[in-house]
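What follows is one structure encoded as structure tokens, with my remarks underneath.
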Amino acid sequence: MRAVVSQDTCIGCGLCPSIAPDVFEMKDDGKAHVIANPVPKDSEDAAKEAADSCPVNAIAVE
Ligand code: F3S
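Under my numbering, residues 30 to 91 are what the sequence shown spells out, in order.
Here is the structure:
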């Protein structure tokens with residue numbers, strides 16, 4: 030599985046790194062970035078949950 034954060038869409042709410050800290054990290058630009066691609070197997074459920082939870086649907090997992 031790979032994860033992508035749309036930098037144009039992310040509003041920096043901070044939810045995804047709190048749900049999946051091994052996959053997402055807030056950077057100095059105030060946006061979430063993917064720090065693990067491909068997503069580690071044991072983080073896939075958390076990555077999916079983060080994608081479902083993002084208030085602006087900025088995260089794609091495939
Ligand atoms: Fe941004 Fe959505 Fe994460 S707004 S910080 S990608 S939960």
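Positions of the beta carbon are idealized from the N, C-alpha and C atoms, including for glycine.
Non-local C-beta neighbours of V68 in its own chain, meaning closer than 6 Å and more than five positions away in sequence, comprise M30, A32, V52, A76, ordered along the chain. Take S72, set aside five residues on each side of it, and the residues of its chain with a beta-carbon closer than 8 Å to its own are A49, D51, V52, A65, in chain order. Relative to the ligand F3S, G59 has its C-beta separated by 6 Å or more from all heavy atoms.
Here A87 carries a coil assignment [DSSP, helix/strand/coil]. The beta-bridge partner set that DSSP reports for E54 consists of H62.
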